[in-house]
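**Student:** Keeping their order, the protein sequence lines are chains X and R.
Here the numbering used here is used: the first residue of the first sequence is 1, the next is one more, and so on.
Here the numbering used here is used: the first residue of the second sequence is 1001, the next is one more, and so on.
Idealized CB from N, CA, C, for every residue including glycine.
Number of protein chains: 2
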Amino acid sequence: MRLRLDLSYDGTAFSGWANQPGHRTVQGEIEAAIMMILRLPEPVPLTVAGRTDAGVHARGQVAHVDLDDLDPLILQRRLRRLLPHDIRVRGVSIAPEGFDARFTALERQYSYRIVDGQTGPDPLVRHTVVRWQRRLDVDRMNAAAGHLLGMHDFAAFCRRREGATTIRTLRELHTERLDDTLVTTVRADAFCHSMVRALMGVLVAVGVGRFAPEWATDVLSNVERDSRVTVMPAHGLVLEGVVYPDAAGLAARAAASRRHREQA
Amino acid sequence: MRLRLDLSYDGTAFSGWANQPGHRTVQGEIEAAIMMILRLPEPVPLTVAGRTDAGVHARGQVAHVDLDDLDPLILQRRLRRLLPHDIRVRGVSIAPEGFDARFTALERQYSYRIVDGQTGPDPLVRHTVVRWQRRLDVDRMNAAAGHLLGMHDFAAFCRRREGATTIRTLRELHTERLDDTLVTTVRADAFCHSMVRALMGVLVAVGVGRFAPEWATDVLSNVERDSRVTVMPAHGLVLEGVVYPDAAGLAARAAASRRHREQA
Chain X
1 MRLRLDLSYD GTAFSGWANQ PGHRTVQGEI EAAIMMILRL PEPVPLTVAG
51 RTDAGVHARG QVAHVDLDDL DPLILQRRLR RLLPHDIRVR GVSIAPEGFD
101 ARFTALERQY SYRIVDGQTG PDPLVRHTVV RWQRRLDVDR MNAAAGHLLG
151 MHDFAAFCRR REGATTIRTL RELHTERLDD TLVTTVRADA FCHSMVRALM
201 GVLVAVGVGR FAPEWATDVL SNVERDSRVT VMPAHGLVLE GVVYPDAAGL
251 AARAAASRRH REQA
Chain R
1001 MRLRLDLSYD GTAFSGWANQ PGHRTVQGEI EAAIMMILRL PEPVPLTVAG
1051 RTDAGVHARG QVAHVDLDDL DPLILQRRLR RLLPHDIRVR GVSIAPEGFD
1101 ARFTALERQY SYRIVDGQTG PDPLVRHTVV RWQRRLDVDR MNAAAGHLLG
1151 MHDFAAFCRR REGATTIRTL RELHTERLDD TLVTTVRADA FCHSMVRALM
1201 GVLVAVGVGR FAPEWATDVL SNVERDSRVT VMPAHGLVLE GVVYPDAAGL
1251 AARAAASRRH REQA
C-alpha cells in the first residue's frame, strides 16, 4: 500500500531533507516517527519530490512511503502528535495507482525571497528572507530571466552528478517587488542540485548591475558549473508545491521520467 | 535632543520589552547598544509606547530617548549594524516638539493570530500563530466583540496596578478568517497589562461555544480580574502600530494623557 504524504517544514534546524547519519533531517524525523508509530523493526524509506538542501523550507513538499495496509487518517493523526513543530503533516492519503512522488511529478514550484532595503527584513520573517545590501533592479532581473526560460542544458547551474542529465524545462522565473521584498517564482519540470539558488545568483548579479541581462545566455552556454555564479543562501528558498498528472497520466509519466533522468 | 525610534522585533527570545536584571529584554539590548555606540558611562532610559510582555512581537513599536545632539541617521546605521537580527530599527528620527512615545500616543493597534484547523500552523509562521484544537465560530466571536467596544472600565481584563485607571476606549475588535487562520485586529487608546490576551480569551471561549456572545457584557461588569477568562498565549500577539497626533496636537495630548492615566 502506497501512501502520499503532503508536508511543510521550516528548514532552519534541519540538515536538509535527505538522511545523513548524525544529522537532524526531515526524512530522518518522519521515518523515525513512522517506525515508532507502526512498531517496525527498521525505518521504511520515504521517496520525495524535492530533496531540499540544509536550510531550505517547504510549504508543499510531497513524499510517498510503501507500508502494509493501514488507515491513512490514523497515521496522519499520530504523525501530527509525534512530529516536532517544525514539520507539519498537511495530509496522509492513499496514493493513486502508479503514483511516485519523485518520478511522476510534472512540475516543482519554488519561491525565493530577498529584502534589499536599508532596514533589513522584518524580524518575524527573517528566517525565510535573504537580506541584500544593494538595491536590485527587478526589470533587469526579469530581462535576464527571459533568456533562461525553456528547455536547456542547465549544467552551468548544477553540481554534476555521474550519469544524470542536466536538461530541464524552466517554465517560469519571474520576480515581483512589494516594497523592500522581492519574491521570485520559479517553476520547472524538475531541478538539479542547487539550480534554483544558482539561477537566483544570476538574477542578483544582473539586478545589481554587475552584468547585462544578456549575460544569462553566456552562463547558460557553459557545459560545467560557472564559477562566476553565486549560489544564493538556502534560507530564502521555499518549495511551494508539486504538480502531478491525474490518475490516467500517472503510469505513462513515471516511465518517461525515469528514462529522461537516468539516461544522460 | 529627543529621538524617536521605530522598531520591530521577534519577541520569541526576549523576556519582554522592559528591563529585568539577568534577562534578555528588547529595552536592555537597545539601551546597551546606544550606550556602546555613544560611549556613555551608563544606559539612557528608553520610553516606549507599548510595554510588550515576554514572547509578544512588534512590527510597529515606537520608543523615544533623550540624548545630546547627534545625527539620527548615524545612530540609525550603527544600531542596525550592532543590534541582533531579532530587533530591526525601522527608523531613527528627531522627535517633534512635545513628542512622548508613551504619553502622546493616541492609539495602539495589535493583531492576534490563531490557527484552528486539524493540521496546525504553517511551520514557517508557527512562532507568531497560536494553535487552537477546536474550531472557532468567527461570527460568534465578532458578536461578543461588539459588546466590548467603546469606553469601559476594563478592570476584569487587567492585572491591577496601584493608582492606575483601567478605563480604556476600545475602538476595534474584529476577527477575520482566511482558511485555517483567524486574524483579530484590536485598536484602543491604550491597553492595560495583558488586556489584549484576556480579550482574546473571551472571544475564544465564545467562539468554541462555551459561552453566549452576551457573556462578554457579564465579564465586563466585573470590577476585578475575572478568573473565568483565559489569558491567551503571548506568541500570537503582535503590536502592529502606534498613532500620534500631528505637531499641533502633541503638547495638548501629553498633558491630557498624563491626567487620564495617573489619576484613577
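1) Using three-state DSSP, classify ARG171/X as helix, strand or coil.
2) Starting from the C-beta of TRP1017/R, find all residues in its chain whose C-beta is less than 7 Å away, skip the five residues before and the five after it, and write them out in chain order.
3) Among GLY1060/R, LEU1073/R, SER1093/R and MET1151/R, whose alpha-carbon lies nearest the alpha-carbon of ALA123/X?
4) Among GLU240/X, ARG259/X, ASN222/X and MET36/X, which has the Cα closest to the Cα of SER8/X?
5) Check each candidate in HIS1057/R, VAL1129/R, PHE1099/R and LEU1003/R and name the one with the smallest Cα separation from ASP1327/R.
6) Determine the extent of the beta strand (DSSP E) in which ASP1226/R is found, giving its start and end residues.
7) For ALA264/X, which residues from the same chain have a beta carbon less than 8 Å from its beta carbon, with the 5 sequence-adjacent residues on both sides left out?
8) With 7 Å as the C-beta to C-beta threshold (strictly closer), list the residues of the region 218-245 of chain X near chain R in chain order.
9) Please report the distance separating the alpha-carbon of GLY1098/R from that of ARG1253/R.
10) Are the CB atoms of ILE1114/R and LEU1178/R nearer to each other than 9 Å?
11) Since ASP1267/R contacts ASP1180/R with CB under 8 Å, what's their CB separation in whole angstroms?
12) Looking only at its chain, what residues have a beta carbon closer than 7 Å to the beta carbon of GLY201/X, apart from the 5 residues adjacent to it on each side?
13) Beta-carbon separation of HIS1235/R and GLY1055/R under 9 Å?
14) Please identify, using Cβ separations under 7 Å, the residues of the region 6-19 of chain X that lie next to chain R, in order along the chain.
15) Measure the alpha-carbon distance for TYR1244/R versus HIS1057/R and round it to whole angstroms.
16) Give me the subset of the region 102-129 of chain X whose CB atoms are less than 9 Å from a CB atom of chain R, sorted by chain position.
17) Please list the partners that ILE87/X has in chain R, where partner means a Cβ-to-Cβ separation under 7 Å.
18) Output yes if chain X places a C-beta closer than 9 Å to the C-beta of GLU1029/R; else output no.
19) Can you round the beta-carbon distance between ARG168/X and ASP189/X to whole angstroms, since I take them to be within the 8 Å contact cut?
20) So, is the C-beta of GLY1098/R closer than 9 Å to a C-beta in chain X?
21) Comparing C-alpha positions only, which one of ILE1094/R, ALA1105/R, ALA1198/R and ARG1134/R sits nearest to ALA1276/R?
22) Short of 9 Å Cβ to Cβ, which residues in the region 182-205 of chain X face chain R?
23) Listed from N- to C-terminal order along the chain, which residues in the region 1130-1147 of chain R have their beta-carbon within a distance smaller than 8 Å of any beta-carbon of chain X?
24) Any C-beta of chain X sitting closer than 9 Å to the C-beta of ILE1091/R?
25) What residues are listed by DSSP as bridge partners for ALA58/X?
26) For VAL1048/R, which residues does DSSP report across the bridge?
27) Determine, for HIS1023/R, whether the minimum Cβ-Cβ distance to residues of chain X falls below 9 Å.
28) In the DSSP assignment, what are the bridge partners of ASP1153/R?
29) Exposed or buried, what is HIS1085/R when buried is set at 16 or more other beta-carbons lying within 10 Å of its beta-carbon?
30) Can you grab the Cα-Cα spacing for the pair GLU1214/R / ARG1126/R, in whole Å?
31) So, is the C-beta of HIS1290/R closer than 9 Å to a C-beta in chain X?
32) Can VAL1196/R and ARG1140/R be called in contact, C-beta distance under 9 Å?
33) I'd like to know if ARG80/X contacts chain R, where contact means its C-beta is closer than 9 Å to some C-beta of that chain.
34) Suppose you measure from the CA of ASN1142/R to the CA of ASP1218/R; what does that come to, to the nearest Å?
35) Look at the alpha carbon of ALA1248/R and the alpha carbon of ARG187/X, and state the distance between them as a whole number of angstroms.
36) Run the CB neighbour count on ALA216/X, radius 10 Å, all protein chains shown included, and call it buried at 16 or more, exposed below.
**Tutor:** Inspection of the coordinates gives the following:
1) Translated into positions along the first sequence, residue 171/X becomes position 171. Strand at ARG171/X.
2) Position 17 of the second sequence, counted from the start, is the residue given in the question as residue 1017/R. Shown here for TRP1017/R: same chain residues with a beta carbon closer than 7 Å to its own, the five before and five after excluded, namely THR1025, VAL1026, GLN1027, VAL1048, ARG1051 and THR1052 in chain order.
3) The residue you call residue 123/X lines up with position 123 of the first sequence. One point to set straight first is that residue 123/X is Pro, not Ala, in the sequence displayed. If we check each option's Cα against that of PRO123/X, GLY1060/R comes out closest.
4) Taking the first residue of the first sequence as position 1, residue 8/X is located at position 8. Out of GLU240/X, ARG259/X, ASN222/X and MET36/X, GLU240/X has the C-alpha closest to the C-alpha of SER8/X.
5) Past the edges of chain R, shown from 1001 to 1264, lies residue 1327/R, and the structure says nothing about it.
6) Indexing the second sequence from 1 puts residue 1226/R at position 226. For ASP1226/R, there is no enclosing beta strand (DSSP E), as DSSP gives it neither H nor E.
7) Counting from one through the first sequence, the residue named residue 264/X turns up at place 264. Because ALA264/X carries a pLDDT of 43, less than 50, the predicted location of this residue cannot be relied on, and the following value inherits that uncertainty. Taking C-beta separations shorter than 8 Å and ignoring five residues to either side along the sequence, the partners of ALA264/X in its chain run GLY163, ALA164 and THR165, following chain order.
8) Under the 7 Å Cβ criterion, the region 218-245 of chain X contributes no residue.
9) Position 98 of the second sequence holds residue 1098/R. Position 253 of the second sequence holds residue 1253/R. So the alpha carbons of these two residues sit roughly 9 Å apart.
10) Within the second sequence, the letter at position 114 stands for residue 1114/R. Within the second sequence, the letter at position 178 stands for residue 1178/R. No.
11) Shown here, chain R extends from 1001 to 1264; a query on residue 1267/R therefore has no answer.
12) Your numbering for residue 201/X matches position 201 in the first sequence. Non-local beta-carbon contacts of GLY201/X in its own chain, meaning distances under 7 Å to residues more than five positions away in sequence, involve VAL229, THR230, VAL231 and MET232 in chain order.
13) Translated into the one-based positions of the second sequence, residue 1235/R becomes position 235. Translated into the one-based positions of the second sequence, residue 1055/R becomes position 55. Cβ atoms of HIS1235/R and GLY1055/R: closer than 9 Å.
14) For the region 6-19 of chain X, residues whose beta-carbon sits nearer than 7 Å to a beta-carbon of chain R comprise SER8, TYR9 and ASP10.
15) Reading the second sequence from its first residue, position 244 is the one you call residue 1244/R. Reading the second sequence from its first residue, position 57 is the one you call residue 1057/R. Their Cα atoms are separated by approximately 20 Å.
16) Contact residues of the region 102-129 of chain X toward chain R are GLN118, THR119, GLY120, PRO121, ASP122, PRO123, LEU124, VAL125, ARG126, HIS127 and THR128 (C-beta to C-beta distance below 9 Å).
17) The residue labelled residue 87/X in the question sits at position 87 within the first sequence. The answer, in chain order, is PRO1123.
18) Translated into the one-based positions of the second sequence, residue 1029/R becomes position 29. At least 9 Å separates the CB of GLU1029/R from every CB of chain X.
19) Start at 1 with the first residue of the first sequence, and residue 168/X comes out as number 168. Start at 1 with the first residue of the first sequence, and residue 189/X comes out as number 189. Confirmed, about 6 Å.
20) On the second sequence, position 98 is the one that residue 1098/R refers to. For GLY1098/R, the nearest beta carbon of chain X is not closer than 9 Å to its own beta carbon.
21) This structure does not reach residue 1276/R, given that chain R is present from 1001 up to 1264, and the question cannot be answered.
22) Those would be none; no residue qualifies.
23) Legend: CB atoms of the region 1130-1147 of chain R lying less than 8 Å from CB atoms of chain X are not found in any residue.
24) Counted from its first residue, the second sequence places residue 1091/R at position 91. At residue 1091/R the sequence reads Gly, which differs from the Ile that was named. So, interface residue.
25) Translated into the one-based positions of the first sequence, residue 58/X becomes position 58. According to DSSP, which records beta bridges pairwise, ALA58/X is partnered with TYR9/X and LEU239/X.
26) The residue labelled residue 1048/R in the question sits at position 48 within the second sequence. Bridge partners of VAL1048/R: ALA1063/R.
27) To locate residue 1023/R, count along the second sequence from 1; it is residue 23. Not an interface residue.
28) In the second sequence, counting from the first residue as 1, residue 1153/R sits at position 153. The partner list for ASP1153/R (beta bridge, DSSP) reads ILE1167/R.
29) Within the second sequence, numbered from 1, the residue matching residue 1085/R stands at position 85. Answer is exposed; the Cβ neighbour count stays below 16.
30) Counting from 1 along the second sequence, the entry for residue 1214/R is found at position 214. Counting from 1 along the second sequence, the entry for residue 1126/R is found at position 126. Straight-line Cα distance between these residues: approximately 32 Å.
31) In this structure chain R extends from 1001 to 1264, so residue 1290/R is not present and cannot be described.
32) As a first step, residue 1196/R is located in the second sequence; it is residue number 196 there, counting from the start. As a first step, residue 1140/R is located in the second sequence; it is residue number 140 there, counting from the start. The answer is no: Cβ separation not under 9 Å.
33) What you label residue 80/X is simply residue 80 of the first sequence in a count that begins at 1. Yes, because at least one Cβ of chain R sits closer than 9 Å to the Cβ of ARG80/X.
34) Your numbering for residue 1142/R matches position 142 in the second sequence. Your numbering for residue 1218/R matches position 218 in the second sequence. The straight-line gap from Cα to Cα measures roughly 16 Å.
35) In the second sequence, the residue the question calls residue 1248/R occupies position 248. In the first sequence, the residue the question calls residue 187/X occupies position 187. So the two alpha carbons sit approximately 54 Å from each other.
36) By 1-based counting over the first sequence, the position of residue 216/X is 216. That one is buried.
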